[in-house]
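Heads up: the sequence shown begins at 1 in the numbering used here, then just goes up one per residue. Just so it is clear, CB atoms sit at the ideal spot from N, CA and C, and this is done for glycine as well. None of the values given here were measured: they were computed from a predicted structure.
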Amino acid sequence: MKPVKPRSGWRIATGLIFDALSGRLGVSLMALAYASFAVVLLAYVSTQVYTSSLNEQISRRRSLERSVEEQMGLLTAEYTRLASRARIAPFCEDKLGMVEADKESMHRLRINGDDNDDPFLRSLDADGPVALPGWTATEINGITEAKKR
C-alpha cells in the first residue's frame, strides 16, 4: 500500500472556495464564498486607493520642500547681499559719520592691574594699553552686557 500524502492547507482551502463558487456545496456556502471574495476584493481596492493618495501627498510635500529650499537659498543670498560690508560701509560713512578703524585708532584697555606682558599684545599698541583706574573687569563687562540688550 502506498502512503497517502497529506494535502496542504492551501490546497484544501482553494478547493473549498472553488467548490463553493461553482455551487457544488450549496447556495448558502456559494453566497458566503462570493461575499468573502467581495470583501477581499474591496479591501484590496481600498488599499490601492489609499496607497495612491499617500503617494500624491508625498509628491506634493516633496514639491513643497523643494520650493521652500529654493526660497531659503534666495533669502540667504538676499541676506548676504544686504549685510555685505560693501553695502553697509558707505551708509555708515555718509549718514552716520563713522570712519573705518585703523591700527592707530585701536587701543587695548588695561583694567586694574592687568599686567599682561604678552609680546603680541604689546606689538598691537606701541604706546601701551590705556589704563582705566578705578574700574574692574566685572563693571566693564556689565556695561557691555547692558549695551547689547
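Helix, strand or coil for residue 100, going by three-state DSSP, please let me know.
-> Look at residue 100 here: in three-state DSSP terms it is coil, with no helix or strand label.
Can you tell me whether residue 33 is buried or exposed, with buried defined as 16 or more other CB within 10 angstroms of its CB?
-> With 16 or more other Cβ atoms from the protein chains shown falling within 10 Å of its own Cβ, residue 33 counts as buried.
Within 8 Å, strictly: CB atoms of residue 42 and residue 30 = no
Can you grab the Cα-Cα spacing for the pair residue 96 / residue 80, in whole Å?
-> 22 Å
Excluding sequence positions up to five away, which residues of its chain have a Cβ less than 6 Å from the Cβ of residue 147?
-> Summary for residue 147: the model assigns pLDDT 47, below 50, so the residue's position carries little reliability; its value from the coordinates is reported in the next sentence. Leaving aside the five residues that flank residue 147 on each side, none in its chain has a CB nearer than 6 Å to its CB.
Mapping DSSP to helix, strand and coil, what is residue 23?
-> Residue 23: coil per DSSP, three-state reduction.
Residue 8 (DSSP reduced to helix, strand or coil) | coil
Give the secondary structure of residue 89 by DSSP, where H, G and I count as helix, E and B as strand, and everything else as coil.
-> helix
Coil, strand or helix - residue 33 by DSSP | helix
Helix, strand or coil for residue 53, going by three-state DSSP, please let me know.
-> helix
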